[in-house]
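Have a look at the structure below, then the notes.
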Amino acid sequence: MPLIPDPASAEPTALFLRACLGLPTERTPIWLMRQAGRYMPAYRALRERHDMLTLIRTPELAAEVTLQPIEAFGLDAAIIFSDILPPLVGMGLELDFIGGVGPHIANPIRSGRDVDLLGTPPAAETMAGTLGAIAIVARELGPRDVPVIGFAGAPFTLASYAIEGGSTRDFERTKSFMLAEPAAWQRLMTKLVTVQVDYLKAQVQAGASALQVFDSWAGRALGQSDYRRYVQPYNTLLFAALRDVGVPVINFSLGVSSFMEDAVACGGDVIGVDWHLPLATMWARIGHDTPVQGNLDPVALLGPWRELRPRIDEVLDGAAGRPGHIFNVGHGVLQRTPEDTVRRLVSYVAERTARVATSP
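First residue of the sequence shown: 682, per our numbering; consecutive thereafter.
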């Protein structure tokens, strides 16, 4: 089960959870999207022996990968090692991860009938591997007061993969389907909301102490008016269904800087922001009473420390020491990121924000 707050305070003691609630912390908590995975040699050693889906579906292996960055860097939260796409398999789509290509769906959605054939089975049946991994990690990290974050993809992001059959640059098939088949689009998005809500709730039951919803592609694919019509209603349904889940929910939408207010209006307890605008600008638009997460450009981790440090400082200065800031990258850690750079980043954020917190 999720971490239980200290009975004496009725508040969580984990720094990450306190920041999610806008409570004061002794320093700024830090975790990194895609912190468990391909940039770590320990992970690559596992990948040499196991394919991606095997790692995801085997609880002990997924738990091992999840714990690798916690042991290596002392981050303030663990995000379960998985992917946003496996829930599509339970719905009836044939998913594989192809080396050098990425995700591939052999039977993508091409018609309204394809949508109608999709199932909405419970996550307990289709995502048992990930739920089992969460339980293992929660047992391991609970005594250390390190929360486990569960996650899922937002409806549009999953729909785009399901329709395109994999990654895309222009979202041509997705947007054509959305415009030409509005009733089928509604049925598809409604099914995805149903599946993702059940999956996210199941992750909490398994032991997740927070949730993150990734909307990776809506901001890249759509303008504001299409976002409001074809995405916002379904994201709003999803976040509303999670309102009483009992753990903080992070709303992360990539590429929505020009209409951030619309993404924020969908819901969520914490707003994750990408790197496209300064944190100070984004937080002012969101409102300082709402906790935020972000927003270092992940590519900055590939540069020398003399260039990286001022970018870290810009994020921290933008937060201005307010409660409710969680340091993170503005998207996932990249494959070529050096481990030593991640280690130095985590140490620097801790040291600098602790100095700020204890200064007169």
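By construction, the Cβ of each residue, glycine as well, lies at the ideal position given by its N, Cα and C atoms. Values in this document were obtained by computation on a predicted structure and should not be read as measured data.
Just confirm the distance between the C-beta atoms of residue i and residue j, as a whole number of angstroms; I'd bet it's less than 8 Å.
{"i": "T706", "j": "P1004", "result": "7 Å"}
{"i": "F837", "j": "V912", "result": "5 Å"}
{"i": "I931", "j": "G953", "result": "5 Å"}
{"i": "G975", "j": "L960", "result": "6 Å"}
Nearest by alpha-carbon distance to residue i: which of the options is it?
{"i": "A759", "options": "I952, A843, I815, I779", "result": "I815"}
{"i": "E845", "options": "G831, S792, V829, P828", "result": "S792"}
{"i": "P803", "options": "E775, H957, L873", "result": "L873"}
{"i": "L812", "options": "A883, Q867, L839", "result": "A883"}
{"i": "P722", "options": "D1021, A1001, L698", "result": "D1021"}
{"i": "E1032", "options": "R699, R708, A695", "result": "R708"}
{"i": "R854", "options": "S897, I993, L774, A902", "result": "A902"}
{"i": "Q716", "options": "A965, Q1016, D851", "result": "Q1016"}
{"i": "P636", "options": "G781, L774, V782", "result": "An answer regarding residue 636 cannot be provided, because it is not within the stretch 682 to 1041 covered by the chain."}
With DSSP as the reference, label residue i as helix, strand or coil.
{"i": "N976", "result": "coil"}
{"i": "S848", "result": "coil"}
{"i": "I761", "result": "coil"}
{"i": "G1126", "result": "Missing from the structure shown is residue 1126; the chain here goes from 682 to 1041 and no further."}
{"i": "I790", "result": "coil"}
{"i": "V874", "result": "helix"}
{"i": "S934", "result": "strand"}
{"i": "A889", "result": "coil"}
{"i": "G927", "result": "coil"}
{"i": "L696", "result": "helix"}
{"i": "V782", "result": "coil"}
{"i": "V1010", "result": "strand"}
{"i": "A1001", "result": "coil"}
{"i": "V894", "result": "strand"}
{"i": "A649", "result": "As shown, the chain starts at 682 and ends at 1041. That puts residue 649 outside it, with no answer to give."}
{"i": "V770", "result": "helix"}
{"i": "G810", "result": "helix"}
Between the beta-carbon of residue i and the beta-carbon of residue j, is there less than 8 Å?
{"i": "P784", "j": "Y842", "result": "yes"}
{"i": "T747", "j": "F762", "result": "yes"}
{"i": "M772", "j": "V885", "result": "no"}
{"i": "V1027", "j": "I765", "result": "no"}
{"i": "Q905", "j": "D955", "result": "no"}
{"i": "P991", "j": "H1012", "result": "no"}
Buried or exposed for residue i, going by 16 or more other Cβ atoms inside 10 Å?
{"i": "D970", "result": "exposed"}
{"i": "A861", "result": "exposed"}
{"i": "S934", "result": "buried"}
{"i": "V937", "result": "buried"}
{"i": "R924", "result": "exposed"}
{"i": "T807", "result": "buried"}
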